[in-house]
Amino acid sequence: MVRALVASLPPPPGGLSPRGPRSSRFRQKAASGSSPTSSSAKASLSQGIVRSALTCGAISTIGDILAQAVTRRQPGSDIISEVKDHVENARATDLKRTARMGIYGTIFYGPFQHIWYGLLDRIWPTKQFNHFLCKLLANQFALGPITLVTSFAWTYTLLNKQDQLAGKLRRDGLPTLQNGWKFWIPAASLNFLLIPLRLRVLFMSLCGVCWTGYLSNQSNAG
Numbered sequence: 016m017v018r019a020l021v022a023s024l025p026p027p028p029g030g031l032s033p034r035g036p037r038s039s040r041f042r043q044k045a046a047s048g049s050s051p052t053s054s055s056a057k058a059s060l061s062q063g064i065v066r067s068a069l070t071c072g073a074i075s076t077i078g079d080i081l082a083q084a085v086t087r088r089q090p091g092s093d094i095i096s097e098v099k100d101h102v103e104n105a106r107a108t109d110l111k112r113t114a115r116m117g118i119y120g121t122i123f124y125g126p127f128q129h130i131w132y133g134l135l136d137r138i139w140p141t142k143q144f145n146h147f148l149c150k151l152l153a154n155q156f157a158l159g160p161i162t163l164v165t166s167f168a169w170t171y172t173l174l175n176k177q178d179q180l181a182g183k184l185r186r187d188g189l190p191t192l193q194n195g196w197k198f199w200i201p202a203a204s205l206n207f208l209l210i211p212l213r214l215r216v217l218f219m220s221l222c223g224v225c226w227t228g229y230l231s232n233q234s235n236a237g
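One gets the working numbering by counting positions in the sequence shown from 1 and adding 15 to each.
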């Protein structure tokens, strides 16, 4: 009799079981709790990439301008002579070359570095020596060749010299890479051991003023 009465009662609104509304509320809370976090993470990543792109673009531009200025500088010239010749030297700057390096830093090198360092920190998250060593080796023997090849390829493509790229890499690739190791291994050591993740791209970009100038000269030589 009791069972018959229970069976004759109408189901809860919406066809839910007695536990349905409660579990539904939990699911709604979980969904509402995860969505803002996911959106915030995506926004943070996008902002970081944009910031790194602009930073590297500016640094690449400055590095190339300085490299051209150093290349034009006459040995033994004094400061007064350099000041007098400043305007003429500025006119002699290859702005197309500078633009090439600036755009390369903006659309590739900056964003790629940001993602790269974030990936290394997820794979090797501590500052223990073994993690530091893995980061250092990955940075020099993976990021280094990628940067070298893409820089040469970018420059030679825009100069319409694609047919000469293979010879350029055979001739200058290894020496440039070796010089990069001499410069970047000490810089990368400081970067991984002392610099916070959010400032690493900026630090490496500042170090890269000198390196960008050298790399620009190498990319445009020959």
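Glycine included, every Cβ here is placed at the ideal spot set by N, Cα and C.
> Is Ile77 helix, strand or coil when you go by DSSP?
Replying inline: helix
> For the alpha helix (DSSP H) that Phe156 lies in, which residues bound it at each end?
Replying inline: Where Phe156 is concerned, there is no enclosing alpha helix (DSSP H), given that its DSSP letter is neither H nor E.
> Buried or exposed: where does Pro140 fall if 16 or more other Cβ atoms within 10 Å of its Cβ makes it buried?
Replying inline: exposed
>> Along the chain, where does the alpha helix (DSSP H) containing Trp226 start, and where does it finish?
In response: Leu212 to Asn235
> Any idea what DSSP makes of Ala56, helix, strand or coil?
Replying inline: helix
> Measuring CA to CA, which of Thr76, Gln128 and Phe198 is closest to Asp109?
Replying inline: Thr76
> Once you ignore the five residues that flank Leu208 on each side, which residues in its own chain have a CB closer than 8 Å to its CB?
Replying inline: Around Leu208, the same chain offers Lys142 and Phe147 as residues with beta carbons nearer than 8 Å, after the five sequence neighbours per side are excluded.
> Cα-Cα, which of Ser67, Ser234 and Arg213 is closest to Arg186?
Replying inline: With distances taken between CA atoms, Arg186 lies nearest to Ser234 out of Ser67, Ser234 and Arg213.
>> Applying the 10 Å Cβ sphere with the 16-neighbour rule, what's the burial state of Lys44?
In response: Any reading at Lys44 needs caution, since the residue's pLDDT is 48, under 50, leaving its predicted position unreliable; the model's value is listed next. Exposed: under 16 other Cβ atoms inside 10 Å.
> Around the Cβ of Arg137, are there at least 16 other Cβ atoms within 10 angstroms (buried) or fewer (exposed)?
Replying inline: exposed
> Whole alpha helix (DSSP H) runs in the stretch 131 to 193 with 4 or more residues, listed along the chain?
Replying inline: 144 to 153 and 159 to 173
> Sorted by chain position, which residues of the same chain lie with C-beta nearer than 6 Å to Gly228's C-beta, five sequence neighbours on each side aside?
Replying inline: Closer than 6 Å at Cβ, skipping near neighbours: Gly78, Leu81 and Ala82.
> How is Thr70 classed by DSSP in three states: helix, strand or coil?
Replying inline: helix
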